[in-house]
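Please read the structure below before turning to the comments.
There are 2 protein chains.
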Amino acid sequence: MSARRKVYVEGSQPDIQVPFAEVDLTGGEPPVRLYDTSGPGSDPEVGLPPLRGPWIAARGDVAPVRGAGTPLAGSRPTQLAYARAGVVTPEMEFVAIREGVDPSVVREEIAAGRAVLPANVNHPESEPMIIGRRFLVKVNANIGTSAVTSSIAEEVEKLTWATRWGADTVMDLSTGKRIHETREAIIRNSAVPIGTVPIYQALEKVGGDPVKLSWEVFRDTVVEQCEQGVDYMTVHAGVLMRYVPLAVERVTGIVSRGGSIMAAWCLAHHEENFLYTNFPELCEILARYDVTFSLGDGLRPGSIADANDEAQFSELRTLGELTTVAWEHGVQVMIEGPGHVPMHKIKENVDLQQEVCHEAPFYTLGPLTTDIAPAYDHITSAIGAAMIGMYGTAMLCYVTPKEHLGLPDRDDVKAGVIAYKIAAHAADLAKGHPGAQAWDDALSKARFEFRWEDQFNLALDPETARAYHDQTLPAQPAKTAHFCSMCGPKFCSMKITQELKAYAEKGMKDKSEEFVEAGGKVYLPLA
Amino acid sequence: MSARRKVYVEGSQPDIQVPFAEVDLTGGEPPVRLYDTSGPGSDPEVGLPPLRGPWIAARGDVAPVRGAGTPLAGSRPTQLAYARAGVVTPEMEFVAIREGVDPSVVREEIAAGRAVLPANVNHPESEPMIIGRRFLVKVNANIGTSAVTSSIAEEVEKLTWATRWGADTVMDLSTGKRIHETREAIIRNSAVPIGTVPIYQALEKVGGDPVKLSWEVFRDTVVEQCEQGVDYMTVHAGVLMRYVPLAVERVTGIVSRGGSIMAAWCLAHHEENFLYTNFPELCEILARYDVTFSLGDGLRPGSIADANDEAQFSELRTLGELTTVAWEHGVQVMIEGPGHVPMHKIKENVDLQQEVCHEAPFYTLGPLTTDIAPAYDHITSAIGAAMIGMYGTAMLCYVTPKEHLGLPDRDDVKAGVIAYKIAAHAADLAKGHPGAQAWDDALSKARFEFRWEDQFNLALDPETARAYHDQTLPAQPAKTAHFCSMCGPKFCSMKITQELKAYAEKGMKDKSEEFVEAGGKVYLPLA
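Residue numbers (full-length UniProt numbering), protein chains in the order written: chain A, 1 to 527; chain B, 1 to 527.
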């Protein structure tokens, strides 16, 4: 029934095969190609094929092991390092085809640090994608087992489900007993970059007590995750001891899990955050595997009252300093931001982040634009996400309807991804991203011409659009509704517009008589 | 179970009783008062009591009939006329208490035409409310029978349902056979202003053929609806003959039902729109009953491609001219706008409308910020609605998930109202409306202090928030989720913030030792 097909566009070498979802249309309209994150599909027992394996091997800085390999001593096989050296890697070319831009643009944006291409040498299964303000706005979905509920199979299923609806990256935020095994299953089956927050696993290793954390435990955890193939890691290195008291008088204090873990550690030891003091060594580790930093915002606001305060912006300035350090080590960097921010304070976040972080890509949660609607925070935050995307945020971390209330299930994951794909696309339109509006135009043209199946097939969620339509008018084309519905009025407007086109050709007076003589029936559904 | 109660605040006379929803809180917190649109509740067989009856009678410009009356010859009993004369009516005082402002502000805003208080003398059951940029952003919900499906009882139920969730006005867009009876049932049971589009009923009277419409049929329909008590009417008087060809080359032509009806009429008769040519007489009719104009945007864009084009803005300029004419007749006016508009073109709509319509209140559908998501247009449009509200739009017309696809059912009405209440409140926050943030602050404080029941009772939708919470963690306080969830991390952040407050008092070093000695347990849920 669906007219969506996966097609591949070949690059400069036969193994660069860039996927798109192609939608065939009726009425003589050309097919429409949409960005596609769904991956090649996989057998969870086997995992995905190592698409990038040969490219990584060919660069000669990794010793082959299984699909990818172990970085050679002293090597920094990062996309940033290659971009700076003037090399357009196959990954960059793949991304250029995907985004519809010249490969030189991709290379330049990565070299300047304005974009990241998260691609651990040990995650060769991933289809390259890019995060940067000159490219399509991306969406991240969070999944992960908890101590008590989900199984590994369920999480792999959530991964597949999230990318089916358009998630560009997935963060595995598992806690509990089987973190390593869960992550292994997710990475081996993921065609999108996988992010993690290593402090969660480190905390499990010390029995859940943040006071017992140490740089050594954290470092070993990071190496373990680098070896597995994690593409980007959230590190709360900007939660400095002197910032913690700034959060004391807030309405909602510290709401970031990682932020509160590090604050607790600093508080107990009365020492500076070990992620900050050991940051250069951390950079060296990430550089060896081409793992991208996602510098965490441990002091992000958890309520409208706390938005844009000194705690939040102090940490942001420190993330800017750390960005420079990471770049010196050849490591790709993006910066995490927002949380809860009212609409009129959103732009300031992007402007300040771009300034103090030297245009490194911004990656924000929401923001939620009001606190009053638990159970609808995918909507309170889609508003903020669309706006912050318009102002230049490169990737949006989704929020599901269960935010603040419980764990997202399959339906919540879908609701969150869809709301954020809407926000991201609205932002692409507002930024005037080349080609973004072609999708809207194709769908609206189908709508205006009553090509219902084309409209469904072009929809972000074809199944639900079709189901809603069939629910009230399975066979009949016209029903009533005031604004802009595909009912009587649209039928009329189409007819009228067609008449008007004839008028423009023949002159209105003659046509008017002809129209009345013909019965003047433009309102068939109401007659 | 719910701690929400309806309370009334008395004005300067005992029959001015202004309703609020008061939420009792635990933890020694004072109760929170929320704006309440739900009305006193009614027996559909009897209708609501005529709250405003005595106020209308006391002004002496209406001869009593049933609850309200018939305007005396030559009288213009409009709130605008009274405001200009320096009179603060009981309706204005009611509104002032409701909005938390001085009555003089209400009078001044109405007198200047910057706000409307839609209150037909024949709808004495309504609780006064105001629409203007200096006040809380309002939400309209559309309901109405179609030719084939809904019953009158169902529509009254939808009215009650929509206002329960916060709809500030309701438009009855019924078509088909029993328009008059449906409207009668709705008005007699409505505590919120009721809007209509009289051309729909006029069209039914001429058998559904727009060519057979005439000024006389329309005029008689308007009088009929004025007599019944409709509070505001959409009139597409700005669809001038010369603008119609401007819509020919659009992607989606004319998508407004009223706009296409009038375009069809002009096209068939080759005469200027009779709503425009007879506008002064129409003003005289509306003035007699204090019916507010909602000047319709018949040429609003139906797709991203058509936004802010010459057809749309030409009509808007004409609506500005008509605003002046209506004001000369003492008639209150608001202006309808948007449809589909990408984010970067939203502000221009408000700025131009405020300029050419002399600051008359703006009342917009959405706008939808992308065309790609049928089945989710409550979200595509909540983004635009929040933004256009922030820029100064006074009332937002909701969009339901069924937009473009079918007729909204009960669930769709709720989804639309909730999404729009979020947008309106986000806009109130962004505009810095006095008192708006108190709601967010109370909820966030409850969240941070784990007063779960308080959080639910303060939520825009307490039932769903409670249900989502109980679904995953009925008894247990901690589960895992990355960002900002009410799980382990929040528990920690609260504990840490409490520790930090003690630190600030005692000095960090001592406290650090004490903290470690005490077990350093800030992470109980994870331990």
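Just so it is clear, CB atoms sit at the ideal spot from N, CA and C, and this is done for glycine as well.
Test: residue i CB closer than 7 Å to a CB of chain E
i	result
F448 (chain A)	No chain E is part of this structure, whose protein chains are labelled A and B.
Helix, strand or coil at residue i [DSSP, three-state]
i	result
E10 (chain B)	strand
A307 (chain B)	coil
S38 (chain A)	coil
Y363 (chain A)	strand
L240 (chain B)	coil
M129 (chain A)	coil
Q471 (chain A)	helix
H180 (chain B)	helix
T324 (chain A)	helix
P401 (chain B)	coil
P19 (chain A)	strand
R5 (chain B)	strand
H123 (chain A)	coil
Y376 (chain A)	coil
T369 (chain B)	coil
V223 (chain B)	helix
E271 (chain A)	coil
F448 (chain A)	helix
F483 (chain B)	Bear in mind that the predicted position of F483 (chain B) carries a pLDDT of just 31, short of 50, making it unreliable; the figure below should be weighed with that in mind. Three-state result, F483 (chain B): strand.
Selection from the options that minimises the alpha carbon distance to residue i
i	options	result
L365 (chain B)	B:S214, B:D351, B:E359 and B:I346	B:I346
V151 (chain A)	A:L405, A:V121, A:D306 and A:D409	Per the sequence shown, the amino acid found at residue 151 (chain A) is Ser instead of Val. Looking at the Cα atoms, A:D409 is the closest of the given residues.
R447 (chain A)	B:D309, B:T252 and B:A375	B:T252
G435 (chain A)	A:T78, A:L136, A:T89 and A:A63	A:L136
A268 (chain A)	A:H236, A:P31 and A:D209	A:D209
V356 (chain A)	A:D428, A:S314 and A:L405	A:S314
M129 (chain B)	B:I143, B:A85, B:D61 and B:I97	B:I97
I304 (chain B)	B:G339, B:W265, B:C283 and B:L246	B:G339
M171 (chain B)	B:V291, B:M233 and B:G416	B:M233
A81 (chain A)	A:A167, A:E22 and A:D290	A:D290
E184 (chain B)	B:E157, B:K205, B:G296 and B:V230	B:V230
Q312 (chain B)	B:V333, B:P280 and B:V255	B:V255
Under 7 Å from the C-beta of residue i: neighbouring residues of chain A
i	result
V251 (chain B)	D441, S444, K445 and F448
L405 (chain B)	A465, Y468, H469 and M486
I379 (chain B)	I379, A382, A419 and I422
A386 (chain B)	M343, T369 and I383
P31 (chain B)	Chain A residues near P31 (chain B): none, gap ~16 Å exceeds 7 Å.
Under 7 Å between C-beta atoms of residue i and residue j
i	j	result
V341 (chain B)	G298 (chain B)	no
I335 (chain A)	L352 (chain A)	no
E125 (chain A)	G11 (chain A)	no
T182 (chain A)	T145 (chain A)	yes
W165 (chain B)	I418 (chain B)	yes
A359 (chain B)	R114 (chain B)	Note on identity: in this sequence residue 359 (chain B) is Glu, with Ala being the wrong assignment. Going by C-beta atoms, E359 (chain B) is nearer than 7 Å to R114 (chain B).
I186 (chain A)	L159 (chain A)	yes
P118 (chain B)	P198 (chain B)	no
T400 (chain A)	I422 (chain B)	no
V18 (chain A)	P31 (chain A)	no
T369 (chain B)	A375 (chain A)	no
Contact set between residue i and chain B, taken where Cβ atoms lie within less than 7 Å
i	result
M262 (chain A)	Those do not exist, as M262 (chain A) stays about 10 Å from chain B at its closest Cβ, beyond 7 Å.
P49 (chain A)	Correct list: empty, because the minimum Cβ distance to chain B is about 30 Å.
Y243 (chain A)	In chain order: nothing, as chain B lies at least about 11 Å away.
Q455 (chain A)	P374
Within chain B, partners of residue i - CB distance below 9 Å
i	result
H344 (chain A)	M390, L429, A430, K431 and G432
Y35 (chain A)	The premise fails here: Y35 (chain A) is roughly 12 Å from chain B at the closest Cβ pair, so nothing lies under 9 Å.
Neighbour list for residue i in chain A, Cβ cutoff strictly below 9 Å
i	result
S303 (chain B)	D440, D441, L443, S444, K445, R447 and F448
Where residue i meets chain B, residues with beta-carbon distance less than 8 Å
i	result
D15 (chain A)	Here the premise fails: no neighbours, minimum Cβ distance about 32 Å.
T89 (chain A)	Result: empty, since nearest Cβ-Cβ is about 31 Å, beyond 8 Å.
Proximal chain A residues relative to residue i, where beta-carbon distance stays under 8 Å
i	result
I372 (chain B)	I422, H425, W439, D440, L443, L458, A459 and L460
P193 (chain B)	Under the 8 Å cutoff, chain A gives no residues; its nearest Cβ is about 16 Å from P193 (chain B).
Which residue spans inside the region 151-178 of chain B form an unbroken beta strand (DSSP E) run of at least 3? Entirely contained in the region 151-178 of chain B, the beta strand (DSSP E) runs reaching 3 residues are, in chain order, 169-172.
So within the region 56-92 of chain B, which uninterrupted beta strand (DSSP E) runs reach at least 3 residues, ignoring any that extend past its ends? Correct list: 62-65 and 68-71.
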